[in-house]
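Asker:
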Amino acid sequence: MPTIYKPKRQRLNEGKRKERMQIYNTARWRELRRIKFMNDPLCELCLKEGVATPADDVHHIQSFMIADDLAQRKEIAFDYNNLMSLCDKCHQRMHNGHRPR
Numbered sequence: 005m006p007t008i009y010k011p012k013r014q015r016l017n018e019g020k021r022k023e024r025m026q027i028y029n030t031a032r033w034r035e036l037r038r039i040k041f042m043n044d045p046l047c048e049l050c051l052k053e054g055v056a057t058p059a060d061d062v063h064h065i066q067s068f069m070i071a072d073d074l075a076q077r078k079e080i081a082f083d084y085n086n087l088m089s090l091c092d093k094c095h096q097r098m099h100n101g102h103r104p105r
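In our numbering, the protein residues as written are 5 to 105.
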């Protein structure tokens, strides 16, 4: 009897994922991220609570995916003032709709 494989599940936001990766896979983003970590190596939200936690991620305060065209997306994505350094825990809370602490 032949093996029957379940069809692979397609991601709901596959198109948007590709658009995000067009930003994140650039040398410009990697350099901006490196500079942000150099300037703010600790989680900015933990610091507000008086806790020094190393930052693991750079988070966009305003999502660049809200913009309608690529030029606007790039402007928002590469805006240094739209970034914050976060630890994994705070970053997950931000994306799950809970404001940390």
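Note that the Cβ used here is the ideal one computed from N, Cα and C, for glycine as well.
In this text, all values refer to a predicted model and were calculated from it rather than measured experimentally.
Tell me which residue opens and which closes the beta strand (DSSP E) that Asp-73 is part of.
Answerer: It is not in any beta strand (DSSP E) - Asp-73 carries neither H nor E in the DSSP assignment.
Asker: State the Cα-Cα distance for the pair Lys-10 and Glu-23, rounded to the nearest angstrom.
Answerer: Rounded to whole angstroms, Lys-10 to Glu-23 spans 28 Å at the Cα level.
Asker: First and last residue of the alpha helix (DSSP H) that includes Asp-92?
Answerer: 92-99 is the extent of the alpha helix (DSSP H) around Asp-92.
Asker: Straight-line CA distance for Asn-43 to Arg-77?
Answerer: Each residue's Cα considered, the two are about 24 Å apart.
Asker: Taking just the CA atoms, how far does Leu-90 sit from Leu-74?
Answerer: Rounded to the nearest angstrom, the two C-alpha atoms are 26 Å apart.
Asker: Starting from Val-62, trace the beta strand (DSSP E) both ways and give me its first and last residue.
Answerer: Its beta strand (DSSP E) spans residues 61-64.
Asker: Nearest-angstrom Cα distance between Asp-92 and Cys-47?
Answerer: Each residue's alpha carbon lies about 9 Å from the other.
Asker: Could you spell out where the alpha helix (DSSP H) holding Cys-121 opens and where it closes?
Answerer: With the chain represented from 5 up to 105, any question about residue 121 goes unanswered, as that position is not in the structure.
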